[in-house]
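Heads up, the thing below is written out as structure tokens.
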Amino acid sequence: SKLDEGVTGAKLRAARPLKKKWTITDEEWDALEDLVKLLEPFESATQDYSKRGRSVLNSVLLTYASLQERLAQSRELYRSQGDPFGMLDALDAGEAKLKTYFNLARESDLTLIASILHPGIRLAYFLDIDKWGDLATRGRTLMDYLYETYKIDVSDPVAGFPTDVPQLQPTESHKRGWIDDLIATVSNPSHPVFEELVDYFNGKYQYKCGDILIWWKEHEVNFPVISCIARDFLAIPATSVSVERLFSRCKLVVSNYRNMSSETARQLICSQQWLEAGLGVDLPDFVLNN
Numbered sequence: 511s512k513l514d515e516g517v518t519g520a521k522l523r524a525a526r527p528l529k530k531k532w533t534i535t536d537e538e539w540d541a542l543e544d545l546v547k548l549l550e551p552f553e554s555a556t557q558d559y560s561k562r563g564r565s566v567l568n569s570v571l572l573t574y575a576s577l578q579e580r581l582a583q584s585r586e587l588y589r590s591q592g593d594p595f596g597m598l599d600a601l602d603a604g605e606a607k608l609k610t611y612f613n614l615a616r617e618s619d620l621t622l623i624a625s626i627l628h629p630g631i632r633l634a635y636f637l638d639i640d641k642w643g644d645l646a647t648r649g650r651t652l653m654d655y656l657y658e659t660y661k662i663d664v665s666d667p668v669a670g671f672p673t674d675v676p677q678l679q680p681t682e683s684h685k686r687g688w689i690d691d692l693i694a695t696v697s698n699p700s701h702p703v704f705e706e707l708v709d710y711f712n713g714k715y716q717y718k719c720g721d722i723l724i725w726w727k728e729h730e731v732n733f734p735v736i737s738c739i740a741r742d743f744l745a746i747p748a749t750s751v752s753v754e755r756l757f758s759r760c761k762l763v764v765s766n767y768r769n770m771s772s773e774t775a776r777q778l779i780c781s782q783q784w785l786e787a788g789l790g791v792d793l794p795d796f797v798l799n800n
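Numbering (the numbering used here), first residue to last: 511 to 800.
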């Protein structure tokens with residue numbers, strides 16, 4: 511809007527057409543506002559998936575399903591109200607790309623198992639055959655197989671664990687986010703074979719919100735075998751964010767001015783990550799006392 515201010519002559523004549531061309535109209539501002547609203551759930555999902563120290567593979571299927579619904583709703587809205595700026599083409603392209611990755615996630619056993627191991631999802635979310643096909647049946651079969659495999663490594667008998675523990679309230683640090691909202695309305699009925707699986711799939715020990723790793727730590731006495739499965743599968747990252755962050759930090763350790771072996775670099779980087787995660791907080795006292 512200031513292109514023609516303080517200029518005269520040829521510069522003024524050149525600036526005015528550009529000002530007219532680049533000035534955003536009210537209709538264009540409205541279209542930009544709609545675009546921002548359309549992208550808000552994508553931003554929320556990206557921020558939640560970029561948080562450090564949180565398991566998110568379990569929410570990939572729900573995220574894709576939710577985003578697909580948002581795109582479909584926006585497409586129908588533009589078709590009914592008109593599309594002067596070509597948003598339908600962008601929506602179709604975005605939905606096609608999303609569908610490609612959604613199908614890959616649905617075919618992945620790792621993604622399905624991790625989703626079932628979210629205590630707010632379990633099997634209930636996938637019981638809608640029209641929406642999810644055979645995912646519930648496939649997931650139950652996988653969990654039965656994993657249970658049989660893992661229970662061999664659990665030394666204590668399942669029946670020896672208590673069945674009732676106090677329910678802890680979420681702390682202030684466990685505020686609801688994008689992923690928590692996705693599973694807010696999920697109920698959890700099912701009928702698997704093993705008693706521990708029955709309790710888990712029937713929704714025993716309700717999950718409210720927050721870090722599911724803390725939930726599993728609190729309830730590992732109630733689900734000794736399933737908690738071992740959760741420990742392994744929920745550790746799988748859903749994105750490359752953590753790897754990229756680590757790679758960026760590596761350049762500070764492995765620089766052109768240092769000559770060290772790969773093993774030394776590994777030890778330095780791992781030690782730094784462990785200390786930042788809270789491991790070894792009492793190490794100075796331990797060293798002094800020994």
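Just so it is clear, CB atoms sit at the ideal spot from N, CA and C, and this is done for glycine as well. In this text the structure is predicted, and so the values were computed from the model without any measurement.
Distance check for residue j and residue i, CA to CA, integer angstroms please.
i, j, result
"Ile639", "Val546", "33 Å"
"Ala669", "Phe711", "Confidence at Ala669 is low in this model, with a pLDDT of 40, below 50, so its placement is unreliable and no value can be given for it."
"Gln578", "Lys609", "8 Å"
"Arg741", "Ile724", "11 Å"
"Gly643", "His729", "30 Å"
"Thr751", "Leu548", "Just to set this straight, residue 751 is Val in the shown sequence, not Thr. So the two alpha carbons sit approximately 24 Å from each other."
"Asp583", "Val664", "With the sequence shown as reference, residue 583 is identified as Gln, and Asp is not the correct amino acid for it. Gln583 and Val664: Cα-Cα distance of roughly 48 Å."
"Lys521", "Glu515", "10 Å"
"Glu617", "Arg650", "15 Å"
"Ala775", "Ser576", "42 Å"
"Val753", "Lys718", "29 Å"
"Leu756", "Thr621", "23 Å"
"Arg564", "Gln591", "41 Å"
"Asp536", "Arg526", "19 Å"
"Asn613", "Glu553", "21 Å"
"Glu786", "Arg562", "11 Å"
"Tyr715", "Ser781", "36 Å"
"Leu633", "Ser560", "26 Å"
"Tyr635", "Asp709", "16 Å"
"Gly538", "Glu586", "One detail in the question is off: residue 538 reads as Glu in this sequence, not Gly. The alpha-carbon atoms of Glu538 and Glu586 are separated by roughly 20 Å."
"Pro702", "Gly713", "Here Pro702 scores only 37 on pLDDT, less than 50, and its place in the model should not be relied on; the value that follows carries that caveat. Roughly 12 Å separates the two Cα atoms."
"Ala745", "Arg648", "21 Å"
"Ile779", "Asn766", "16 Å"
Beta-carbon separation of residue i and residue j under 7 Å?
i, j, result
"Ala555", "Thr573", "yes"
"Glu706", "Phe733", "yes"
"Leu581", "Glu550", "no"
"Ala646", "Leu637", "yes"
"Tyr657", "Val735", "yes"
"Tyr611", "Met597", "no"
"Asp619", "Leu652", "yes"
"Tyr660", "Ile722", "no"
"Ala541", "Phe595", "yes"
Step through the CB atoms of chain D and report whether any lies within less than 7 Å of the CB of residue i.
i, result
"Arg562", "In the displayed structure, chain D is absent; only one protein chain is listed."
With three or more C-beta pairs closer than 8 Å as the rule, is the segment 755-766 touching the segment 598-606?
The segment 598-606 makes no contact with the segment 755-766; the number of CB pairs closer than 8 Å stays below 3.
Touching by the beta-carbon criterion (3+ pairs, under 8 Å), the segment 615-632 and the segment 557-575:
The answer is yes - the segment 557-575 touches the segment 615-632, with three or more Cβ pairs under 8 Å.
Unbroken beta strand (DSSP E) runs of length 3 or more, entirely within the segment 592-675: which are they?
Counting whole runs of 3 or more residues, the segment 592-675 contains no beta strand (DSSP E) stretch at all.
Can you list the alpha helix (DSSP H) stretches of 4 or more residues lying completely in the segment 708-750, in chain order?
Positions of the alpha helix (DSSP H) runs, each at least 4 residues long and wholly inside the segment 708-750, are given as 722-728, 734-743 in order along the chain.
4-residue-minimum alpha helix (DSSP H) runs that sit fully inside the segment 516-569, ordered along the chain
Given a length threshold of 4 residues, each whole run of the alpha helix (DSSP H) inside the segment 516-569 is given here in chain order: 519-532, 536-559.
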